[in-house]
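Chemist:
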Amino acid sequence: MARALFIGRFQPLHRGHEEVIKWLLGRHEEVVVAIGSANESFTPRNPFTVGERIEMLYSMLKELNLLNKVVYCAVPDTKGDSALWYAYVREQCPLFDVAYTNDEFTRLCLEFGGVKVLNTPLFNKEVYSGTRIRELMASGDKSWQSLVATGVLPVLSRINAEERIRSILGIRK
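In case it helps, the working numbering puts the sequence shown at residues 16 to 188.
#1: For the beta strand (DSSP E) that contains Cys88, what are its first and last residues?
#2: I need the DSSP call for Asp101, collapsed to helix, strand or coil.
#3: Val46 lies in the beta strand (DSSP E); which residues open and close that run?
#4: The beta strand (DSSP E) spanning Glu115 covers which residue range?
#5: Kindly list the residues whose CB is nearer than 8 Å to the CB of Tyr101, restricted to its own chain and excluding five residues on each side of it in sequence; keep chain order.
#6: What are the residues that DSSP puts in a beta bridge with Ala19?
#7: Can at least three beta-carbon pairs, one atom from the region 44-51 and one from the region 75-94, be found at a separation below 8 Å?
#8: Given Phe105, which residues of its chain have a CB within under 8 Å of its CB, disregarding the five upstream and five downstream residues?
#9: Smallest Cα separation from Val7: which of Thr58, Val65 and Val35?
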């Protein structure tokens, strides 16, 4: 069985991630989505908990009828300790045949461990960027809602994502 690993922070999970997952499923039978920075939350770069990101992923996959094609795992940050990070990937994630990432640290760690690593296409990166989406959320610009999968919106609404990001950044509305 050909299974691909796709690693990301998903802060938040957006339509670019959705397109990558669909692209990977066009090439592989299954995809393992590794939610990175699993131990980081309530920071400007990582405002959402790993549990919230799992809910976002589950909601999107359910909406797309892909729950039977995608499994997920959570991988914590190790503050640059590449050997430990690689060990976490191997311990926390189901087996996979090939990994996909556009992040250089991730690539180097996995290749050092003997994993074949390929790039994913960047689907409209200027628009589908977690950083940009978080900035739009912080500013109160509702256009961010069109940049995340429909199934993700209820999760972000329930956790009051806009207000959380403003609070983390010290922005009062």
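Built from N, CA and C at the ideal position, the CB exists for glycine as well. Since the structure is predicted, the reported quantities are computational estimates derived from the model, not experimental observations.
Modeler: Taking the definition as stated:
#1: Position 73 of the sequence shown holds residue 88. Unbroken beta strand (DSSP E) run through Cys88: Val85 to Ala89.
#2: Position 86 of the sequence shown, counting from 1, holds the residue named residue 101. Inspection of the sequence shows that residue 101 is occupied by Tyr rather than by Asp. Residue state, collapsed to three classes: helix.
#3: For the purposes of this step, residue 46 is taken as the residue at position 31 of the sequence shown. Segment Glu45 to Ile50, the beta strand (DSSP E) holding Val46.
#4: Residue numbering aside, residue 115 sits at position 100 when the sequence shown is read from its first letter. Sequence check: residue 115 is Tyr here, not Glu. Per DSSP, Tyr115 belongs to the beta strand (DSSP E) from Val113 to Tyr115.
#5: Residue numbering aside, residue 101 sits at position 86 when the sequence shown is read from its first letter. Counting only Cβ-Cβ distances below 8 Å, and skipping sequence neighbours, we find Cys124, Leu125, Phe127 and Gly128.
#6: As a position in the sequence shown, residue 19 is number 4, starting the count at 1. Paired residue(s): Val46 and Val113.
#7: yes
#8: Your numbering for residue 105 matches position 90 in the sequence shown. According to the sequence as given, residue 105 is Arg; it is not Phe. So the qualifying residues of the chain are Gly128.
#9: Nothing can be reported for residue 7: it is not among the residues displayed for the chain, which extend from 16 to 188.
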